[in-house]
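>
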Amino acid sequence: MNRSSRGARLLGHLVLCLGGLFFLVPFAWMIRVSLTPEWQLASGLKLLYEWKDLAFANYPKALTLQPFWLYFLNTYLVTILALAGEVFVSALVAYGFARFAFRGREALFLLVLSTMMIPPQVTMVPTFILFRWLGWIDTFLPLIVPSWAGSAFGIFLARQFVRGLPRDLDSAALIDGCGPFEVFRHVILPLLKPALMVIAVFGFIGRWNDLLTPLIYLNTQAKFTISLGLLAFQGQYSTQLGYLMAVSVTAMIPCIVLFLVAQDYFIKGLTLGAVKG
Amino acid sequence: MRRYERWGYLFVSPWLLGFLAFTAFPIACSLYLSLCRWELISPNVTFVGMANYRQIVAADPQFWNALRATVSYVAGAAPLVMFASLGVALLLNLDIPGMRLFRTIFFLPALLSGTAFCFLWLNVFDPQNGLLNSALAPIFNLLGIPLASLPKWIYSKDWALFSMVLMSLWGIGPGMIVFLVGLRNIPVELIEAALVDGAGCWRRFIHITFPMITPAVLFNLITGLIAGFQVFLPAFVLTRGGPQDSTLFYALYIWQVAFEQFRAGYASALAWILFLVILLLTLVSFGLSRRWVYYES
Chain A
1 MNRSSRGARL LGHLVLCLGG LFFLVPFAWM IRVSLTPEWQ LASGLKLLYE
51 WKDLAFANYP KALTLQPFWL YFLNTYLVTI LALAGEVFVS ALVAYGFARF
101 AFRGREALFL LVLSTMMIPP QVTMVPTFIL FRWLGWIDTF LPLIVPSWAG
151 SAFGIFLARQ FVRGLPRDLD SAALIDGCGP FEVFRHVILP LLKPALMVIA
201 VFGFIGRWND LLTPLIYLNT QAKFTISLGL LAFQGQYSTQ LGYLMAVSVT
251 AMIPCIVLFL VAQDYFIKGL TLGAVKG
Chain B
1001 MRRYERWGYL FVSPWLLGFL AFTAFPIACS LYLSLCRWEL ISPNVTFVGM
1051 ANYRQIVAAD PQFWNALRAT VSYVAGAAPL VMFASLGVAL LLNLDIPGMR
1101 LFRTIFFLPA LLSGTAFCFL WLNVFDPQNG LLNSALAPIF NLLGIPLASL
1151 PKWIYSKDWA LFSMVLMSLW GIGPGMIVFL VGLRNIPVEL IEAALVDGAG
1201 CWRRFIHITF PMITPAVLFN LITGLIAGFQ VFLPAFVLTR GGPQDSTLFY
1251 ALYIWQVAFE QFRAGYASAL AWILFLVILL LTLVSFGLSR RWVYYES
């Protein structure tokens, strides 16, 4: 598409800029409100024209009204433990599906894909009962352990990737007397990095921002995640918009940093994964 | 590799165990529960056969409200998000300067916590000081329309659903990335050949670009339908299903029945109906896709 005419590109640029406004203005406003002292609010769009008398003190104040540092810690703990399991197990399972012929393989793989279609509402109540029976209510376990079985998306993506790797790589190592698990760990896993990155980025964003699971399983305030803490915060301080937005902006920072750092790697990973069918 | 057959099972076993515990068991359980009457907090489970389903279809106006709200939402949001994300991806693919910046901007909302996302839009929609109405007010003044007729967005029965659809436009990020990846994978030779033949912009799109990205279209269509039918958070945080049940999305209704009224059996029956609707739509989309999706291999 490199040879599109100048006019078309100019028009395209214009449309992108207008569309970008629709995305940027609410964000700019959010940041502006997070820096506005309480008595100044209620001035709508006008706030965006003047960036003075910024109340940076909103941030430390809002973040200490509730133990947000603790919520951050909880969210990191849950996200990282869940993610480590999801990434590693997805790769492991994908290797099994891609490289070993066993009876029922195709049917099992179809089953993996079809789990993506099940609305969480169907399994919500029985899963709740299961976790209550296990005594896991109000612990982090319901947020972590299910991820350790891998995810359909992760398994699918990693399998596409493994199938794109030359078979000689691992069969040579197998013939040399390495066990299949060593081959996976030393040959396959390092080559899967781009795919694992994509799984990790999507997984991180999804878990970091998940509200439904913590809402169902966590009751004690000291165990809240960021999303849940935000919801509770809104219940108490819904009129103090500045504080609310300060907390929202802070909660977003880890995901933005991750996306900026990973975006090229991540697009490359998706592209490579899509090439080989 | 035959002798490694048991290794295959070993490698997929973590997924299989997880599937049995966290998917197969809950699904079987919920199918049985949907045929029972059970208050989540009491120990008594009574088998009632199809009674829940009969009641849902014949005697539950809230079910029909929820279905209507959800179908209207999906009918509005799914095509809108699809066209917008395709449009943005096509524009970004023109090798425009600042491509990375634009890509990040359009992906920003996907990085925002769902809760914070909803708070932000709660304030965008505020009838008095909200971003939307304070942007519209000067235009209304200019046209001589009284400010009292500014829409009340999520606080008005007639505008609430439309507001939700408008808000869904903010979710084009992931779909846009999928389209971008699809566009990247079109072989350059194909486009060069079309250029040599003198094909214009529109003909190139219809005969090369679009057929080559139909797998991405199918992927976004199906994930869009699935996500649309499961929409929960905006209604849960912004409107609680109001005003007058105009945004009582199906997932919110299930939530209310299960975790506010503690009617676990009835909620399971509701969830199974949703599952069947999604399954049917997915199968139909896959079935029809043979006519328009093009796979290279």
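Listed in order, the protein sequences are those of chains A and B. Sequential numbering from 1 applies to the first sequence in the working numbering. Sequential numbering from 1001 applies to the second sequence in the working numbering. Virtual Cβ for every residue (Gly too), placed ideally from N, Cα, C. Remember, it's a predicted structure, so these values are computed and weren't measured experimentally.
(1) Of the residues 1197/B, 1110/B and 1130/B, which one's Cα is nearest the Cα of residue 203/A?
(2) Could you give the C-beta distance for residue 170/A and residue 188/A, rounded to a whole number, given that I count them as a contact under 8 Å?
(3) Would you tell me roughly how many angstroms separate the C-alpha atoms of residue 1021/B and residue 1162/B, rounded to the nearest one?
(4) Please confirm if residue 1193/B has its CB atom under 8 Å from at least one CB of chain A.
(5) Could you pull the DSSP bridge partners for residue 1045/B from this structure?
(6) In terms of residue numbering, what span does the alpha helix (DSSP H) encompassing residue 1273/B cover?
(7) Between which residues of its own chain and residue 275/A is the CB-CB distance below 8 Å, once the five residues before and five after are set aside?
(8) Under 7 Å from any heavy atom of the ligand SAM, does the C-beta of residue 218/A make it?
(9) Kindly list, in the order they appear in chain A, the residues whose Cβ is closer than 9 Å to that of residue 1300/B.
(10) Is the shortest distance between the beta-carbon of residue 1141/B and the beta-carbons of chain A less than 8 Å?
(11) How about residue 1106/B and residue 1088/B: do their beta carbons lie closer than 8 Å?
(12) Residue 1285/B versus chain A: which residues are under 9 Å apart at the beta carbon?
(13) Distance cutoff 8 Å, beta carbons only. Does residue 62/A sit that close to anything in chain B?
(14) Measure the C-alpha to C-alpha separation of residue 1006/B and residue 1032/B and round it to an integer number of angstroms.
(15) Return the chain-ordered list of same chain residues with a C-beta closer than 6 Å to the C-beta of residue 12/A, the five sequence neighbours on each side being excluded.
(16) Strictly under 8 Å for the Cβ-Cβ distance: is residue 1026/B near chain A by that measure?
(17) Is the segment 82–98 of chain A touching the segment 135–149 of chain A in the sense that three or more CB pairs, one from each, lie closer than 8 Å?
(18) Going along the chain, which residues of its own chain have a beta-carbon closer than 8 Å to the beta-carbon of residue 1147/B, five neighbours each way excluded?
(19) How close, in whole Å, do the beta carbons of residue 97/A and residue 109/A come, if the pair is a contact with beta carbons under 8 Å?
(20) Select from the segment 221–240 of chain A all residues with a C-beta closer than 7 Å to any C-beta belonging to chain B, and list them in chain order.
(21) What residues from chain A crowd round residue 1041/B, counting only those whose CB sits closer than 7 Å?
(22) So the alpha helix (DSSP H) residue 58/A belongs to, where does it begin and stop?
(23) Output needed for residue 1084/B: all residues of its chain with C-beta closer than 7 Å, excluding positions within five of it in sequence on either side, in chain order.
(24) Quick one: list the residues of chain B neighbouring residue 12/A, beta-carbon separation under 7 Å, in chain order.
(25) Buried or exposed: which applies to residue 1179/B, given that a residue is buried once 16 or more other Cβ atoms fall within 10 Å of its Cβ?
(26) Rounding to the nearest angstrom, what Cα-Cα distance links residue 51/A and residue 1181/B in this structure?
(27) For a contact meaning CB atoms closer than 7 Å, what does residue 1307/B contact in chain A?
Inspection of the coordinates gives the following:
(1) Minimum Cα distance to residue 203/A is reached at 1110/B.
(2) By a beta-carbon distance limit of 8 Å, residue 170/A contacts residue 188/A. Their separation comes to about 6 Å.
(3) Taking the straight line from one Cα to the other gives about 40 Å.
(4) With 8 Å as the cut-off, residue 1193/B does not count as an interface residue toward chain A.
(5) In DSSP, residue 1045/B forms a bridge with 1038/B.
(6) Judged by DSSP secondary structure, residue 1273/B falls within the alpha helix (DSSP H) whose first and last residues are 1264–1292.
(7) At residue 275/A, the pLDDT of 48 sits below 50, so the modelled position is not reliable and the matter cannot be decided from this model.
(8) The ligand SAM is not among the ligands present in this structure, which contains no ligands whatsoever.
(9) There is simply no residue 1300/B to check, as chain B begins at 1001 and stops at 1297 in what is shown.
(10) Cβ-Cβ to chain A under 8 Å: no for residue 1141/B.
(11) At the C-beta level, residue 1106/B and residue 1088/B come within 8 Å of one another.
(12) Within chain A, no residue comes near residue 1285/B; the closest Cβ sits about 11 Å away, beyond 9 Å.
(13) With 8 Å as the cut-off, residue 62/A does not count as an interface residue toward chain B.
(14) One C-alpha to the other measures close to 34 Å.
(15) When the five nearest sequence neighbours on each side are left out, no beta carbon in the same chain lies closer than 6 Å to the beta carbon of residue 12/A.
(16) Yes, residue 1026/B lies at the interface with chain A (some Cβ there is under 8 Å from its Cβ).
(17) As far as the Cβ criterion goes, the segment 135–149 of chain A touches the segment 82–98 of chain A, which means the pair count is three or higher.
(18) Cβ within range, chain order: 1137, 1140 and 1141.
(19) Between residue 97/A and residue 109/A a beta carbon distance of about 6 Å is seen, short of the 8 Å cut, so the two are scored as contacting.
(20) For the segment 221–240 of chain A, the beta-carbon criterion of a distance under 7 Å to any beta-carbon of chain B is satisfied by 226, 227, 230, 231 and 234.
(21) Under the 7 Å cutoff, chain A gives no residues; its nearest Cβ is about 11 Å from residue 1041/B.
(22) First-last of the alpha helix (DSSP H) with residue 58/A: 58–65.
(23) Answer for residue 1084/B: 1169 and 1172, listed in chain order.
(24) Ordered by position in chain B, the residues that pass the 7 Å Cβ test against residue 12/A are 1091, 1094 and 1096.
(25) Buried, by the Cβ-count rule.
(26) Computed Cα separation, rounded: 38 Å.
(27) No answer is possible for residue 1307/B: it lies beyond the span of chain B, which begins at 1001 and ends at 1297.
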